[in-house]
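S.K.:
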Amino acid sequence: MEPTLVVIGLNHRTAPIEVRERFWMSEERQREALSALTRSEGIEEVFVFSTCNRTEFVVWGDPTLAENSVLRFLSAEYDLRLCEWSNFYRLLDEQALAHAFRVSCGLDAMHIGEGQIGRQVNAAWQQARKAGCTGRFLDAVLRKALAVRRRVRKETSAGFNLESAPHAAVELAAEMFGALARRNVVLLGAGRMNEASAQALLSRGAESVCVINHSDERAERLARRLGIQTAAFEERWARLAGADLVISATSSAGFVLTAEEMKPVVGQRAGGKLVVMDLALPRDVDPAVRQLDGILLYDLDDLERALKPRAGTRESEAEAEQIVLAEVQAFRKELTAKGAGAEIGALRHRLDEICRQELESFRLEQGPFPKEQDQLIAAVGARITHKIAGSLARERGSRL
Numbered sequence: 010m011e012p013t014l015v016v017i018g019l020n021h022r023t024a025p026i027e028v029r030e031r032f033w034m035s036e037e038r039q040r041e042a043l044s045a046l047t048r049s050e051g052i053e054e055v056f057v058f059s060t061c062n063r064t065e066f067v068v069w070g071d072p073t074l075a076e077n078s079v080l081r082f083l084s085a086e087y088d089l090r091l092c093e094w095s096n097f098y099r100l101l102d103e104q105a106l107a108h109a110f111r112v113s114c115g116l117d118a119m120h121i122g123e124g125q126i127g128r129q130v131n132a133a134w135q136q137a138r139k140a141g142c143t144g145r146f147l148d149a150v151l152r153k154a155l156a157v158r159r160r161v162r163k164e165t166s167a168g169f170n171l172e173s174a175p176h177a178a179v180e181l182a183a184e185m186f187g188a189l190a191r192r193n194v195v196l197l198g199a200g201r202m203n204e205a206s207a208q209a210l211l212s213r214g215a216e217s218v219c220v221i222n223h224s225d226e227r228a229e230r231l232a233r234r235l236g237i238q239t240a241a242f243e244e245r246w247a248r249l250a251g252a253d254l255v256i257s258a259t260s261s262a263g264f265v266l267t268a269e270e271m272k273p274v275v276g277q278r279a280g281g282k283l284v285v286m287d288l289a290l291p292r293d294v295d296p297a298v299r300q301l302d303g304i305l306l307y308d309l310d311d312l313e314r315a316l317k318p319r320a321g322t323r324e325s326e327a328e329a330e331q332i333v334l335a336e337v338q339a340f341r342k343e344l345t346a347k348g349a350g351a352e353i354g355a356l357r358h359r360l361d362e363i364c365r366q367e368l369e370s371f372r373l374e375q376g377p378f379p380k381e382q383d384q385l386i387a388a389v390g391a392r393i394t395h396k397i398a399g400s401l402a403r404e405r406g407s408r409l
């Protein structure tokens, strides 16, 4: 079967958070996946993309063999269960291309137009290129996907939505508390996610924000940069007891907050609800924490359900979708034209070679000929090959 574009993946629309976190991949795991899949049957080029909302495999190759290779990889490395396969989507050709463009533009994000998705796509692409896993085709697809993103950002307001998970969490907290100025906020984790959380909190008027991290040095750097407080990791329980809002976004492999650990925290509190926003994948907070009195826990799926789309989002999304559809058709025509040009060029080269060989045989059998007659015979041969190649080129072009 001829190679085609294939997308296999799951996202926040097709799988709940407890399934997504099983298949989430760190950068190291993405490199391992690239290494394994690039040697797999049916896969010529491959790109792996994993965020808190999706894990996807974008493949150029035989669709049936490539799908089987991805299935075997997930079964071997992630213990994929048969019942979980229904959470995955399989897209081919034009649908796969449109999906890649939509993801890059943030149109398939939890919050339409999410700003950080372009950086994430580019980082994953560069990782795949460095590993030698993408080639002429996937490089062209991903380069175009990022170009489409730039066009959407320029021509519509769908590309300027700041409601990434941190902004969504802060917006929801502001709705719940009314104002954040007098609320004590604790950030667990000092990475990019909570840097965005801190910036959103400060823009919303929060005055008491404290960041805590396993690495005190990293927390101190973030605190100095943004003018917020920091505390040692060992002080986290005392800080949580006095907090109104906790936003957790660490890269821990296990739970940072368990129900057993949070029970004493609840007992030390003076009253009032403690709102906990878990922005991590895999999750930082044990779901059993929901059962504790006095704690309101929100994970990424809860945030999506709690927040309504911004005014004007649907109109901007429709405009962006039209751009994506137009760019898909333009890209397909461009690829078809390039493919036809390469085929016609190769055919013309072969025809020229056949013509040259036949003329040599003819000269040996019937010649030698006078110079003018020999040139005339060669010219007739060249005209015939040119007409055949031109006719085929016009035929291919009429199908575009």
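So the sequence shown is numbered by our numbering: it starts at 10 and just counts up by one.
Virtual Cβ for every residue (Gly too), placed ideally from N, Cα, C.
Remember, it's a predicted structure, so these values are computed and weren't measured experimentally.
So, with DSSP's three-state summary, where would you put Trp33?
M.R.: Residue state, collapsed to three classes: coil.
S.K.: At which residue ranges does the region 195–256 contain complete alpha helix (DSSP H) runs of 4 or more residues, listed in the order of the chain?
M.R.: 201–212, 225–235, 245–250, all fully within the region 195–256.
S.K.: Leaving out five residues on either side along the sequence, give the residues of the same chain with a beta carbon under 6 angstroms from the beta carbon of Asp287.
M.R.: Within the same chain, Asp287 has close Cβ partners Ser257, Asp293, Val294, Asp308.
S.K.: State the Cα-Cα distance for the pair Cys142 and Lys342, rounded to the nearest angstrom.
M.R.: Going by the C-alpha atoms only, they are around 25 angstroms apart.
S.K.: Per DSSP, Arg99 forms a beta bridge with which residues?
M.R.: Its beta-bridge partners are Ile17.
S.K.: For the alpha helix (DSSP H) containing Trp134, name the first residue and the last one.
M.R.: Counting along the chain, the alpha helix (DSSP H) containing Trp134 begins and ends at 126–139.
S.K.: Whole angstroms are fine: how far does the CA of Pro273 sit from the CA of Pro25?
M.R.: In a straight line, the C-alpha of Pro25 is about 30 angstroms away from that of Pro273.
S.K.: Could you spell out the range, first to last residue, of the alpha helix (DSSP H) harbouring Asp117?
M.R.: Run containing Asp117: none; DSSP gives neither H nor E here.
S.K.: How big is the Cα-Cα spacing for Cys3 and Ala329?
M.R.: This structure does not reach residue 3, given that the chain is present from 10 up to 409, and the question cannot be answered.
S.K.: Is Leu290 near Thr47, with beta carbons less than 9 angstroms apart?
M.R.: Going by C-beta atoms, Leu290 is not nearer than 9 angstroms to Thr47.
S.K.: Measure the C-alpha to C-alpha separation of Ser224 and Ala240 and round it to an integer number of angstroms.
M.R.: Roughly 11 angstroms separates the two Cα atoms.
S.K.: Could you please give me the residues that DSSP links to Asn193 through a beta bridge?
M.R.: According to DSSP, Asn193 bridges with Ser217.
S.K.: Within 8 angstroms, do at least three Cβ pairs link the region 64–79 to the region 14–23?
M.R.: Yes: at least three Cβ pairs fall under 8 angstroms.
S.K.: Per DSSP, Leu306 is paired with what?
M.R.: Val285.
S.K.: How about Val55 and Leu151: are their beta carbons less than 9 angstroms apart?
M.R.: No, these two residues do not count as a Cβ contact at 9 angstroms.
S.K.: Beta-carbon separation of Leu43 and Ala182 under 9 angstroms?
M.R.: Taking 9 angstroms as the Cβ cut-off, Leu43 and Ala182 do not qualify as a contacting pair.
S.K.: Would you check if the distance between the CB atom of Glu216 and the CB atom of Leu189 is smaller than 9 angstroms?
M.R.: It is a contact, given that the beta carbons lie within the stated cut-off.
S.K.: Express the C-alpha separation of Ala156 and Thr394 in angstroms, rounding to a whole number.
M.R.: Between Thr394 and Ala156, the C-alpha separation is close to 39 angstroms.
S.K.: Report the three-state DSSP secondary structure of Ser44 (helix, strand or coil).
M.R.: Reduced to three states, the DSSP call for Ser44 is helix.
S.K.: For Glu164, report the span of its alpha helix (DSSP H) as first-last.
M.R.: Where Glu164 is concerned, the enclosing alpha helix (DSSP H) stretches over 145–164.
S.K.: On the three-pair Cβ rule with 8 angstroms, is the region 102–109 touching the region 30–44?
M.R.: Contact fails: fewer than three Cβ-Cβ distances are below 8 angstroms.
S.K.: Give the single residue among Gly236, Gly263, Ser261, Val220 whose Cα lies nearest to the Cα of Phe242.
M.R.: If we check each option's Cα against that of Phe242, Val220 comes out closest.
S.K.: Which residues in the same chain have their Cβ closer than 6 angstroms to the Cβ of Asn193, if we skip the five residues on either side of it in sequence?
M.R.: Counting only Cβ-Cβ distances below 6 angstroms, and skipping sequence neighbours, we find Ser217, Gly251, Ala252, Asp253.
S.K.: By alpha-carbon positions, which one of Leu83, Val275, Gly263, Glu381 ends up nearest to Ile304?
M.R.: Among Leu83, Val275, Gly263, Glu381, the Cα nearest to that of Ile304 is on Val275.
S.K.: Taking C-alpha atoms, which residue in Arg314, Val285, Leu235 lies nearest to Gln300?
M.R.: Closest option to Gln300, Cα to Cα, is Val285.
S.K.: So for Val265, helix, strand or coil by DSSP?
M.R.: Coil.
S.K.: Identify which residue in Ala327, Phe32, Gln129, Val57 has its Cα closest to the Cα of Tyr87.
M.R.: When only C-alpha atoms are compared, the closest one is Phe32.
S.K.: Use the C-beta contact count for Gln382: other C-beta atoms within 10 angstroms, 16 or more gives buried, fewer gives exposed.
M.R.: Its Cβ having fewer than 16 others within 10 Å, Gln382 is exposed.
S.K.: Under a three-way DSSP split, which group does Phe340 fall into?
M.R.: Phe340 falls in the helix class under three-state DSSP.
S.K.: Determine the closest residue to Leu266 out of Leu249, Ala154, Ile363, with distance taken between C-alpha atoms.
M.R.: Closest option to Leu266, Cα to Cα, is Leu249.
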